[in-house]
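*Asks:*
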Amino acid sequence: MKKLNTFWLNSALALTGWLVCMTTRSTWAIAATIIILIVHFSTYGSWKKEREIIFITLILGSALDSVMSNISVLQFSGESRILPSWLACIWIMLGLTIRHSLSWVGKSRLTGNLFLINLTAAHYFLLLQFTYVSSCLPTWQAVAILSISATIIINIILTFSDVWWEKYRLQNPK
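Okay, structure coming up:
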């Protein structure tokens, strides 16, 4: 039962963070991310076990969105070609789910990838429709490119997670 509660709490925290980031697109997103990190690590998360995954998710996700900005698949308002901080916070939210509510994705690759492609497509579609982020491509093309790319990146992150988790378990036997 505890694992099920952790799954739902993790999902709820990540979704709340995503909603705050998408709707405020401001320093509120950073504040919400900090609060969610505090709740996550004070209730069920472990900084020692998850820090690498959170950082690699932030780095790879930010790199993906920044590269997509530089090739005009994504266009951020203003002159910046670097993703805004609120969008980086969304990648942190994803990092919090890798070892918890999204851990099943790595175990069931077909179902997991179908879920991921739909999840990322929904995210990028909503990003393009309801924020100041735009694309020079038709929406369907941008969403297809972004969701396929993000699904590949998330699979890489899941692989890192499995490798690091095994390494952690070997270095820290119970």
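Mapping of the sequence shown onto my numbering: position 74 corresponds to residue 74, and the numbering continues sequentially without gaps.
The beta carbon of each residue, even a glycine, is placed where N, CA and C say it ideally should be.
If the criterion is Cβ atoms closer than 8 Å, does the pair Ala29 and Ser85 meet it?
*Replies:* yes
*Asks:* So, using beta-carbon positions, are Ile36 and Gly17 closer together than 8 Å?
*Replies:* Closer than 8 Å, so yes.
*Asks:* Just to confirm, is the Cβ distance from Val73 to Ala122 under 8 Å?
*Replies:* no
*Asks:* Mind checking which residues open and close the alpha helix (DSSP H) that includes Arg51?
*Replies:* 47-70
*Asks:* How many whole angstroms separate the CB atoms of Leu25 and Thr131, which I take to be in contact at a CB cut-off of 8 Å?
*Replies:* It should be pointed out that residue 25 corresponds to Arg in this sequence rather than to Leu. The pair is a contact, with the Cβ atoms about 6 Å apart (cut-off 8 Å).
*Asks:* Compare the Cα-Cα distances from Gly61 to each of Glu79, Glu52, Val39, Ile90 and report the closest residue.
*Replies:* Ile90
*Asks:* Using CA coordinates, which residue listed in Glu50, Asp65, Thr111, His40 is at the minimum distance from Tyr124?
*Replies:* Asp65
*Asks:* Leaving out five residues before and five after Phe7 in sequence, what residues of the same chain have Cβ atoms less than 8 Å from its Cβ?
*Replies:* His100, Ser101
*Asks:* Would the beta-carbon of Ile92 fall within 8 Å of that of Ile59?
*Replies:* no
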